[in-house]
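Shown next, in structure tokens, is the structure this report addresses.
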Ligand SMILES: Nc1ncnc2c1ncn2[C@@H]1O[C@H](COP(=O)(O)OP(=O)(O)OP(=O)(O)O)[C@@H](O)[C@H]1O
Ligand SMILES: [Mg+2]
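Residue numbers (this note's numbering), protein chains in the order written: chain R, 1446 to 1740; chain U, 75 to 309.
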């Protein structure tokens, strides 16, 4: 109890004495948190948008011949060899014809002179509803083109490819900003703590002489790291949330954001980001102590 | 060993053939053997450069002896490390010749440090600081930065810090060098009070008046060697 009282008082004194440096460090940490969480927020929102969009995603393989039941089984096997799928559906020429007439509705009389088997038979493949299958759809389509009897494979090519590259790019940006966060949090805090240690060399020396335990001397520096991590992530996330509120407030109703509902982080992710920055900052302060605090 | 258990138990400091050399070839101390009893007030005299400060530094583990053995409270202090060393140092109060005050902190904060490290309650610390300042007539300096004090005032603050945590062993290096007679008397009264409550006190000094008429033992060093060891009133 008294230990913590003394240590917290000591930490407060440190922060007060070097508040300018501390403030800069805190600002740098919060900027990195903001940057990382900004890209990460976009990333996870794109992911969930991708999931929604992939609800409608299906690949259609047009066939030369209408496959018999045995061949259907073989084809189904071949398709599932590539990846698990949600559904493989065979559409016969007759089914295709009846669907088409339904689609035509009142205009169906234009078909009266046509033979009922003029539309090709096809296989409708519905991939699993996740981003992986969305990203793989191109490869999947190429694979489906190679199965015997396939004439043509159709899906929303352009759109899916763009989406694929966009999410790839975004995940790289997320990784980069994450790395930047790790570097700034640890190195900035490490260098601030180093400055504090050098600035208080005389006092630390005296503390040792009057019998301060290692924990008494070290804990304030660790608390400083924890404090930096907590404040930095709090400020960063608050800034992001403000930005998020402003954006959704201003653009709701406009076409593009209606496409997917933009949501903020769930609380687990917020907690993880805060904990992560606390751990990083504490690690920074710890490495400085190991290097410069000879006890 | 010819020593009886009783003497080892009551000895606070045991030095056996202690020597200290500084590179390249300064012999600050050589072949010092002395035993200081628990509760004793012990004086250390000798000309400037005789090795008084060096001896005190060995006793508080700021320096390691080049040879010989030093035991404080039955422990070889140069083998103790970590939290045990910290605990030991909390029981040893040192008033350094160069004070070692934190000049950007107030008088009260400087004195409080030695009590904070052993987690004393804040109200106890405050009361103790006030009482010590009163005994040294420094009440009005409570909130001054120690850097702004006179040498004599700094010296007394350093002493107050050394005795604040009621240590079992008090090492005082030149406590009255910058003081007038009245302040000197106050300092000696404070040390006498510590002694009465059981503390062992070692005082390095040039001031004959401090030990002249006392029955305390006085050890005289000369060029790092033991010159004489007698009672003050026999000198
Ligand atoms: N760190 C050191 N390196 C080299 N020589 C040292 C060191 N410390 C002390 N000495 C030498 O050891 C000798 C004893 O020094 P010490 O400080 O113990 O003297 P002292 O008796 O305290 O003198 P004073 O009365 O002036 O304080 C001196 O000759 C000094 O120059
Ligand atoms: Mg000296």
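Where a beta carbon is used, it is the ideal one built from N, C-alpha and C, also for glycine.
Under 8 Å between beta-carbons, which chain U residues line up against residue 1448(R)? List them in chain order, please.
-> 193
If the cut is a Cβ gap below 7 Å, which residues of chain R does residue 229(U) touch?
-> Neighbours of residue 229(U) on chain R: none; closest Cβ ~16 Å, over 7 Å.
Compute the Euclidean distance between the alpha carbons of residue 239(U) and residue 1475(R), then round it to the nearest angstrom.
-> 43 Å
Residue 94(U) versus chain R: which residues are under 8 Å apart at the beta carbon?
-> Neighbours of residue 94(U) on chain R: none; closest Cβ ~18 Å, over 8 Å.
Using DSSP with H/G/I as helix, E/B as strand and the rest coil, what is residue 165(U)?
-> coil
Does residue 1658(R) have its Cβ less than 8 Å from a Cβ in chain U?
-> yes
Can you name, in chain order, every residue of its own chain whose Cβ lies under 6 Å from the Cβ of residue 1702(R), other than the five neighbours on each side?
-> Because residue 1702(R) sits at a pLDDT of 48, beneath the cut-off of 50, its placement in the model cannot be relied upon, and the following sentence gives the value as read from the coordinates. 1696, listed in sequence order.
Using only the heavy atoms of ligand 2, determine whether one of them is closer than 7 Å to the beta carbon of residue 247(U).
-> yes
Would you grab the beta carbon distance between residue 1617(R) and residue 1675(R) for me? Rounded to a whole angstrom, and I think it's under 8 Å.
-> Not really, about 29 Å apart at Cβ, beyond 8 Å.
Listed by chain order, which residues have C-beta atoms less than 6 Å from any heavy atom of ligand 1?
-> 96(U), 100(U), 102(U), 120(U), 122(U), 123(U), 124(U), 125(U), 126(U), 127(U), 128(U), 171(U)
Assign residue 294(U) to one of three DSSP states: helix, strand, or coil.
-> strand
Residues of chain R with CB under 8 Å from residue 136(U), in chain order?
-> 1654
Determine which residues share a DSSP beta bridge with residue 111(U) and list them.
-> 85(U)
Cβ of residue 242(U) within 8 Å of any chain R Cβ = no
Where the stretch 137-163 of chain U meets chain R: residues whose CB sits under 9 Å from a CB there = 156, 157, 159, 160, 161, 162, 163
Exposed unless 16 or more other CB atoms sit within 10 angstroms - verdict on residue 289(U) | exposed
Member of 87(U), 180(U), 165(U) whose CA lies at the smallest distance from the CA of residue 213(U) | 180(U)
Cβ-heavy atom distance, residue 1465(R) to ligand 3, below 7 Å = Ligands displayed in this structure: ligand 1 and ligand 2; ligand 3 is not among them.
Cα-Cα separation between residue 150(U) and residue 222(U), rounded to whole angstroms | 39 Å
Buried or exposed (CB count within 10 angstroms, at least 16 for buried), residue 1716(R) | exposed
Flag residue 168(U) as yes if its beta-carbon sits less than 8 Å from any beta-carbon of chain R, otherwise no.
-> yes
Whole-number beta carbon distance between residue 1667(R) and residue 1477(R), since they are thought to touch under 8 Å = With a Cβ gap of about 20 Å, residue 1477(R) and residue 1667(R) do not count as contacting.
So, does the CB of residue 1647(R) fall closer than 8 Å to a CB anywhere in chain U?
-> yes
Does any CB atom of chain U fall closer than 8 Å to the CB of residue 1668(R)?
-> no
For residue 260(U), the first and last residue of its enclosing alpha helix (DSSP H) = 255-270
Simplified DSSP state of residue 76(U), which is helix, strand or coil | Confidence is the limiting factor: at residue 76(U) the pLDDT is only 40, short of 50, which leaves the residue's position unreliable, though a coordinate-based value still follows. It is coil, neither helix nor strand.
Take residue 258(U) and list the residues in its own chain whose beta-carbon comes closer than 7 Å to its own, dropping the five residues that flank it on each side.
-> 250
Using the rule of at least 16 other Cβ atoms within 10 Å of the residue's Cβ for burial, across every protein chain shown, is residue 1681(R) buried or exposed?
-> buried
So is residue 202(U) in contact with chain R if we call contact Cβ pairs under 8 Å?
-> no
Ignore the nearest five residues each way along the sequence and tell me which others in residue 137(U)'s own chain have a CB closer than 6 Å to its CB.
-> 131
Any heavy atom of ligand 2 closer than 7 Å to the CB of residue 278(U)?
-> yes
Cα-Cα separation, residue 191(U) to residue 90(U) = 31 Å
What residues in its chain sit with their C-beta under 8 Å from that of residue 1562(R), if we drop five residues either side in the sequence?
-> 1538, 1539, 1542
One or two residues paired with residue 235(U) in a DSSP bridge | DSSP output for residue 235(U) lists no bridge partner at all.
Tell me whether residue 1702(R) sits in a helix, a strand or coil according to DSSP, three-state version.
-> Here the model assigns residue 1702(R) a pLDDT of 48, short of 50, so the residue's position is not dependable and the matter cannot be decided.
How big is the Cα-Cα spacing for residue 155(U) and residue 1672(R)?
-> 31 Å
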